[in-house]
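Below is one structure, written out as structure tokens; comments come after it.
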Amino acid sequence: MSDTIEQDAHGHVDTIQLSAELVEAASVASHDVAEYALWLGDDSLVLAQNLGWWISRAPELEEDIALGNIALDLIGHARSLLHYAGAESGRTEDDLAYWRDEPQWRSAHLFEQPNGDFAHTIARQFIAAHYLFELYSALMQSTDATLAAIAAKAVKEVDYHRDHSIQWVLRLALGTEESRRRMITGLSDLWPFVEELFVDEPLIDRLEGAAVRPSSLRGAVEAAMFPVLAEAELDVPRGFISSGGGRRGDHSENLGPMLAELQVLARAHPGAKW
Amino acid sequence: MVIMAALARPRPSDAASRQAWDIAAEVCDPEVPVLTIEDLGVLRSVAVTADGTHVILTPTYSGCPAMEAMRDDVTSALIGAGYENVTVELVLAPAWTTDWMSEEGKAKLVSYGIAAPTGHSGVRPTGTVRLQLAVKCPRCSSLNTRELARFGSTSCKALYECRDCLEPFDYFKVL
């Protein structure tokens with residue numbers, strides 16, 4: 000008896016439950032819900048991995064800490080979502096993070112885009128945080144109690160991320176000539192990846208009520224972003240639109256190298272714990 | 000108000016569980032060691048049954064790394080007090096909010112040098128540039144302070160500076 004307790008005391012937290020009532024009831028997702036949880040979990044994990052690069056490299060110490068904190072929140076969301084997604088097939092969150100190859104990932108291209116310069120990262124954060132805020136706001140009403148619980152937790156944190164990105168968009172766009180030039184470039188380089196966030200894949204038709212229909216988010220996301228762009232005296236970029244395909248496993252060229260870095264340690268030392 | 004108080008301090012009603020609760024409630028946050036997990040509102044439930052002792056904690060932030068330490072500390076405290084079959088579970092719903100922090104906890108925070116959350120969750124101002132209530136300097140009580148960084152030394156804190164005593168300080172953000 001005491002052996003199991005000792006082991007438990009030093010084990011790592013790999014079982015985040017949603018609520019006491021849900022533990023027995025509905026903590027295993029159906030196949031479709033698991034796939035949907037993978038979409039959301041992969042978006043957060045990929046973005047967190049990208050943001051982590053800035054730690055020790057951000058333009059000032061406070062910003063270094065801000066981006067690190069945002070990445071940490073996103074890893075928290077990814078853990079809850081991947082834990083839920085994996086339960087259906089008997090896989091842990093670590094199995095999903097470290098042992099899937101590129102075609103099995105479901106992240107949208109926006110999240111995979113490289114950090115670029117600081118303005119690129121801020122442009123990506125601006126779009127991502129607005130999208131995630133509206134997504135989780137709507138997902139709180141999901142008929143799937145687990146997804147609703149994760150969303151209710153995440154939305155409050157993502158609200159701070161949104162705020163952070165807005166402050167920087169304004170500061171860079173209305174700052175020096177150079178910072179404005181970079182903000183404009185960053186925004187126009189990232190904008191082609193907005194469209195994919197609002198594409199309804201066939202999976203969504205099978206999850207009416209449980210999932211949020213991506214196309215339904217466009218109005219709210221744009222209504223929140225456009226006034227900020229106007230205040231920053233930035234035009235909404237036009238032109239090239241990425242064909243996307245991340246939800247089907249078709250990824251940009253950026254995901255492969257990122258996964259190599261994310262997964263190398265776990266694959267070189269299978270079962271290693273730290 | 001009664002409902003809010005019950006949510007914030009869900010101390011069990013049966014004597015055996017209440018005794019175990021009081022032991023678990025002594026465990027402190029490793030990052031803010033003046034606050035107990037009860038002050039924080041992180042301790043959600045303690046139940047002593049014939050099968051063992053079951054504790055439920057809720058994370059402050061989704062990615063908070065202090066949760067693992069709190070979980071270990073609760074387990075050790077209860078085992079140390081003779082409880083058997085101790086299980087500690089993390090639950091996400093209902094989502095934690097700074098509204099659950101006790102008044103006593105807020106006072107302890109301030110005397111430790113961290114400004115306590117101002118106002119309530121869910122009524123955060125909106126708009127592109129948000130105004131919020133002034134944060135009082137925990138050292139000199141001046142309201143003439145400014146935010147240096149919204150993300151501070153841990154997920155739950157922002158970094159401020161006082162324009163009167165000129166000292167920087169942490170502020171526990173409203174969530």
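Protein sequences, first through last, are from chains Y and W.
For the first sequence, position 113 (counting from the first letter as 1) is numbered 112 according to numbering that gives the first Met the number 0, and the numbering increases by one without interruption.
For the second sequence, position 86 (counting from the first letter as 1) is numbered 85 according to numbering that gives the first Met the number 0, and the numbering increases by one without interruption.
Ideal Cβ placement from N, Cα and C applies to all residues, glycine included.
Rounded straight-line distance, which links the Cα of residue j to that of residue i
| i | j | result |
| --- | --- | --- |
| proline 226/Y | lysine 172/W | 26 Å |
| glycine 51/W | glutamate 88/W | 13 Å |
| cysteine 63/W | alanine 80/W | 27 Å |
| leucine 66/Y | alanine 47/Y | 9 Å |
| valine 22/Y | glutamate 87/Y | Bear in mind that a pLDDT of 42 at valine 22/Y, under 50, signals an unreliable position, so the number given afterwards is only what the model happens to contain. Computed Cα separation, rounded: 14 Å. |
| serine 178/Y | phenylalanine 192/Y | 22 Å |
| tryptophan 53/Y | asparagine 114/Y | 8 Å |
| tryptophan 38/Y | arginine 170/Y | 32 Å |
| glycine 125/Y | isoleucine 74/Y | At residue 125/Y the sequence reads phenylalanine, which differs from the glycine that was named. Distance between the alpha carbons of phenylalanine 125/Y and isoleucine 74/Y is about 18 Å. |
| serine 29/Y | glycine 174/Y | 49 Å |
| threonine 91/Y | leucine 165/W | 49 Å |
| arginine 10/W | tryptophan 20/W | 7 Å |
Test item: CB-CB of residue i and residue j under 7 Å
| i | j | result |
| --- | --- | --- |
| glycine 151/W | leucine 158/W | yes |
| glycine 282/Y | glutamate 101/Y | The structure shown has nothing for residue 282/Y, since chain Y only spans 0 to 273. |
| alanine 209/Y | threonine 145/Y | no |
| serine 251/Y | histidine 129/Y | no |
| threonine 153/W | valine 134/W | no |
| tyrosine 83/Y | alanine 147/Y | no |
| methionine 139/Y | alanine 150/Y | yes |
| valine 90/W | alanine 23/W | no |
| serine 106/Y | valine 45/Y | yes |
| alanine 137/Y | valine 211/Y | yes |
| alanine 114/W | tyrosine 60/W | no |
| aspartate 72/Y | leucine 206/Y | no |
| valine 54/W | valine 45/W | yes |
| glycine 104/W | aspartate 38/W | yes |
Whole-angstrom C-beta distance between residue j and residue i, which should lie under 8 Å
| i | j | result |
| --- | --- | --- |
| isoleucine 64/Y | alanine 148/W | 7 Å |
| isoleucine 36/W | methionine 69/W | 6 Å |
| methionine 182/Y | alanine 229/Y | Their Cβ separation, rounded to whole angstroms, is 14 Å, which puts methionine 182/Y and alanine 229/Y out of contact at 8 Å. |
| threonine 57/W | valine 31/W | Rounded, the Cβ-Cβ distance is 16 Å, inconsistent with contact. |
| leucine 80/Y | serine 43/Y | 7 Å |
| proline 213/Y | aspartate 199/Y | 6 Å |
| cysteine 139/W | phenylalanine 168/W | That belief does not hold up - the Cβ atoms of cysteine 139/W and phenylalanine 168/W are roughly 10 Å apart, past 8 Å. |
Burial state of residue i (16 or more Cβ within 10 Å)
| i | result |
| --- | --- |
| methionine 0/Y | Note on methionine 0/Y: pLDDT 34, under 50, position unreliable in the model; no value is reported. |
| arginine 78/Y | buried |
| valine 263/Y | exposed |
| isoleucine 165/Y | buried |
| serine 215/Y | exposed |
| glutamate 156/Y | buried |
| cysteine 161/W | buried |
| proline 201/Y | exposed |
| aspartate 28/W | buried |
| isoleucine 121/Y | buried |
Residues of the region 224-256 of chain Y with Cβ closer than 8 Å to any Cβ of chain W, in chain order: Pro226, Val227, Glu230
The region 41-67 of chain Y: which residues have C-beta closer than 7 Å to a C-beta of chain W, in chain order? Glu61, Ile64, Ala65
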